[in-house]
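Protein chains: 2
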Amino acid sequence: MIGDVSNKRTTPSLDATSKAIIEQLQLDGRRSYAEIGKAVGLSEAAVRQRVQKLTDAGVMQIVAVTDPMRLGFNRQAMIGVRVSGDTRVVADRLSEMPEVAYVVLSAGSFDILAEIVCEDDDALIELLNQKIRCVEGVSSTETFVYLQLKKQKYDWGTR
Amino acid sequence: MIGDVSNKRTTPSLDATSKAIIEQLQLDGRRSYAEIGKAVGLSEAAVRQRVQKLTDAGVMQIVAVTDPMRLGFNRQAMIGVRVSGDTRVVADRLSEMPEVAYVVLSAGSFDILAEIVCEDDDALIELLNQKIRCVEGVSSTETFVYLQLKKQKYDWGTR
DNA sequence: ACAGCCGCTACTGATTTCGAAGCATATTTC
DNA sequence: GAAATATGCTTCGAAATCAGTAGCGGCTGT
Numbered sequence: 000m001i002g003d004v005s006n007k008r009t010t011p012s013l014d015a016t017s018k019a020i021i022e023q024l025q026l027d028g029r030r031s032y033a034e035i036g037k038a039v040g041l042s043e044a045a046v047r048q049r050v051q052k053l054t055d056a057g058v059m060q061i062v063a064v065t066d067p068m069r070l071g072f073n074r075q076a077m078i079g080v081r082v083s084g085d086t087r088v089v090a091d092r093l094s095e096m097p098e099v100a101y102v103v104l105s106a107g108s109f110d111i112l113a114e115i116v117c118e119d120d121d122a123l124i125e126l127l128n129q130k131i132r133c134v135e136g137v138s139s140t141e142t143f144v145y146l147q148l149k150k151q152k153y154d155w156g157t158r
Numbered sequence: 000m001i002g003d004v005s006n007k008r009t010t011p012s013l014d015a016t017s018k019a020i021i022e023q024l025q026l027d028g029r030r031s032y033a034e035i036g037k038a039v040g041l042s043e044a045a046v047r048q049r050v051q052k053l054t055d056a057g058v059m060q061i062v063a064v065t066d067p068m069r070l071g072f073n074r075q076a077m078i079g080v081r082v083s084g085d086t087r088v089v090a091d092r093l094s095e096m097p098e099v100a101y102v103v104l105s106a107g108s109f110d111i112l113a114e115i116v117c118e119d120d121d122a123l124i125e126l127l128n129q130k131i132r133c134v135e136g137v138s139s140t141e142t143f144v145y146l147q148l149k150k151q152k153y154d155w156g157t158r
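Chains as they are written, first to last, in numbering that gives the first Met the number 0: chain A, 0 to 158; chain B, 0 to 158.
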């Protein structure tokens, strides 16, 4: 899980070489170290050591990302939540739910935004009424059902 | 880019074995085919062939995912957009912007939800006023600045 | 029954990965 | 300023993995 303790604004920024390595892996997470090395001007072992450090430090992780629709999760939605009380506590409760893929504390007319991935409308209704709205401190919710996913990218590492 | 043509509700669902393979790769995108094979009861070559097909079909992709904060993108936000006219056209315009990581057409009080990843507040203001609000058909926007990311997962492939 | 297709296994050589050792450049310490 | 320590890189050989392909059942449709 990335950003779990997001208040660690530790390292100022990354080496240009490390950024180049990340860019390579954003294109293909299984690219070989040797090939990456050739692209960024480093030996195979050096790339390997850097990748190890980057993943250990939690800067990057290499994972399979799937299209939920293709896996039988036909209903996705964003839930805007208004909270009375400590928003972090409520966010933690939401985070525990497996159908919730994404939770963020936000400023604006919602205190929390939560992304839901579930099988169908029934599962969504069930989740909302039986679980989310039952959480202590949730005063109101607003649901934005996804009609069509237009863009989703993970390569903001560059620019 | 996943879900670009999301209306292809083609395959009903996936083989249990393929799901198991995906789960393995969601844990570690660089796990070896042999190891995966041992876990799901298949030969190394069979796993390799399946992974190839899954990625070719766009069901899954193996990529490096980064923590934006660690890479100098200190400001993230969700933008709710209200549109007059064809929402798809507006969504396409938004998708073209590099700072926009995520665009979805939604039902509810917003027509489009767009996630922004940018360097700082200045970049966010600039983007909103100079680019997003200038798009033909955007009638109003609401910004939800991210205060803290509590959860982000990519392994909804199981359950 | 047969041909064609599909997915799996088995096997090969080429490539990659892994760990360790060595080396050069900074940084620290006294 | 010199010795000690740390860091990041390269090189290298052994072990593992990857990629391509041939072969082999099991299905499907005719």
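Yeah, the Cβ is synthetic: ideal placement off N, Cα and C, and Gly gets one too.
Where residue i falls, given that 16 or more other Cβ within 10 Å makes a residue buried
{"i": "Val-88 of chain A", "result": "exposed"}
{"i": "Asp-119 of chain B", "result": "exposed"}
{"i": "Ile-20 of chain A", "result": "buried"}
{"i": "Asp-66 of chain A", "result": "buried"}
{"i": "Ala-113 of chain A", "result": "buried"}
{"i": "Ile-111 of chain A", "result": "buried"}
{"i": "Ile-124 of chain A", "result": "exposed"}
{"i": "Glu-34 of chain A", "result": "exposed"}
{"i": "Arg-132 of chain A", "result": "exposed"}
{"i": "Gln-25 of chain A", "result": "buried"}
{"i": "Glu-159 of chain B", "result": "What the structure shows of chain B is the stretch from 0 to 158, and residue 159 of chain B is not part of that stretch, so it cannot be assessed."}
{"i": "Ser-42 of chain B", "result": "exposed"}
{"i": "Lys-7 of chain A", "result": "A caution first: Lys-7 of chain A carries a pLDDT of 35, below 50, which makes its placement in the model too unreliable to give a value."}
{"i": "Leu-13 of chain B", "result": "buried"}
{"i": "Thr-84 of chain A", "result": "A small fix is needed here, since residue 84 of chain A is Gly in this sequence, not Thr. The residue is exposed, with fewer than 16 neighbouring Cβ atoms inside 10 Å."}
{"i": "Gln-51 of chain B", "result": "exposed"}
{"i": "Thr-9 of chain B", "result": "Because Thr-9 of chain B sits at a pLDDT of 41, beneath the cut-off of 50, its placement in the model cannot be relied upon, and the following sentence gives the value as read from the coordinates. That one is exposed."}
{"i": "Ile-1 of chain A", "result": "Confidence in Ile-1 of chain A is poor, its pLDDT being 38 and thus under 50, which makes the residue's placement unreliable; the coordinate value appears in the next sentence. By the neighbour-count rule (16 or more Cβ atoms within 10 Å), Ile-1 of chain A is buried."}
{"i": "Gly-159 of chain B", "result": "The displayed coordinates of chain B run from 0 to 158. Any statement about residue 159 of chain B would go beyond what the structure contains."}
Chain A contact residues for residue i, given Cβ-Cβ distances below 7 Å
{"i": "Leu-146 of chain B", "result": "Leu-104, Ser-105, Ala-106"}
{"i": "Ile-21 of chain B", "result": "Ala-63, Thr-65"}
{"i": "Thr-16 of chain B", "result": "Ordered by position in chain A, no residue passes the 7 Å Cβ test against Thr-16 of chain B, which lies about 14 Å from the chain."}
Per DSSP, cross-strand counterpart(s) of residue i
{"i": "Cys-117 of chain A", "result": "A:Arg-74"}
{"i": "Phe-143 of chain B", "result": "B:Met-77"}
{"i": "Tyr-101 of chain A", "result": "A:Glu-114, B:Gln-151"}
{"i": "Gln-60 of chain A", "result": "B:Val-64"}
{"i": "Ala-106 of chain B", "result": "A:Val-144"}
{"i": "Val-88 of chain B", "result": "The partner list for Val-88 of chain B (beta bridge, DSSP) is empty, contrary to what the question assumes."}
{"i": "Val-82 of chain B", "result": "B:Val-137"}
Beta-carbon gap between residue i and residue j smaller than 8 Å
{"i": "Val-116 of chain B", "j": "Ala-100 of chain B", "result": "yes"}
{"i": "Phe-109 of chain B", "j": "Val-144 of chain B", "result": "no"}
{"i": "Thr-140 of chain A", "j": "Ile-78 of chain A", "result": "yes"}
{"i": "Gln-60 of chain B", "j": "Thr-54 of chain B", "result": "yes"}
{"i": "Val-46 of chain B", "j": "Lys-149 of chain A", "result": "no"}
{"i": "Thr-142 of chain A", "j": "Ala-76 of chain A", "result": "yes"}
{"i": "Gly-57 of chain A", "j": "Val-62 of chain B", "result": "no"}
{"i": "Ala-122 of chain A", "j": "Arg-69 of chain A", "result": "no"}
{"i": "Leu-127 of chain A", "j": "Ala-106 of chain B", "result": "no"}
{"i": "Arg-92 of chain B", "j": "Val-134 of chain B", "result": "yes"}
{"i": "Gln-23 of chain A", "j": "Ala-44 of chain A", "result": "no"}
{"i": "Lys-130 of chain B", "j": "Met-96 of chain B", "result": "yes"}
Residues that residue i contacts on chain A, provided the C-beta gap is smaller than 9 Å
{"i": "Gln-25 of chain B", "result": "Val-62, Ala-63, Val-64, Thr-65"}
{"i": "Tyr-32 of chain B", "result": "Per Cβ cutoff of 9 Å: no residues; Tyr-32 of chain B is ~10 Å from chain A at best."}
{"i": "Leu-41 of chain B", "result": "Near Leu-41 of chain B there are no residues of chain A at all, since even the closest Cβ is about 16 Å away, more than 9 Å."}
Chain A residues whose Cβ lies nearer than 8 Å to that of residue i
{"i": "Arg-29 of chain B", "result": "Gly-28, Arg-29, Ile-61"}
{"i": "Ala-44 of chain B", "result": "None at all; the shortest Cβ gap to chain A is about 16 Å."}
Interface partners of residue i on chain B, CB under 8 Å
{"i": "Val-99 of chain A", "result": "Lys-150"}
{"i": "Ser-94 of chain A", "result": "Lys-149, Lys-150"}
Contact test: residue i Cβ vs the ligand ATP heavy atom, cutoff 7 Å
{"i": "Ala-122 of chain B", "result": "The ligand content of the structure shown is nil, which means the ligand ATP is not present either."}
Per-residue contacts from residue i into chain B (C-beta, under 9 Å)
{"i": "Ala-90 of chain A", "result": "Gln-147, Lys-149, Lys-150"}
Q: Quick one: which residues of the stretch 122-140 of chain B get their C-beta closer than 7 Å to a C-beta of chain A? List them in chain order.
A: none
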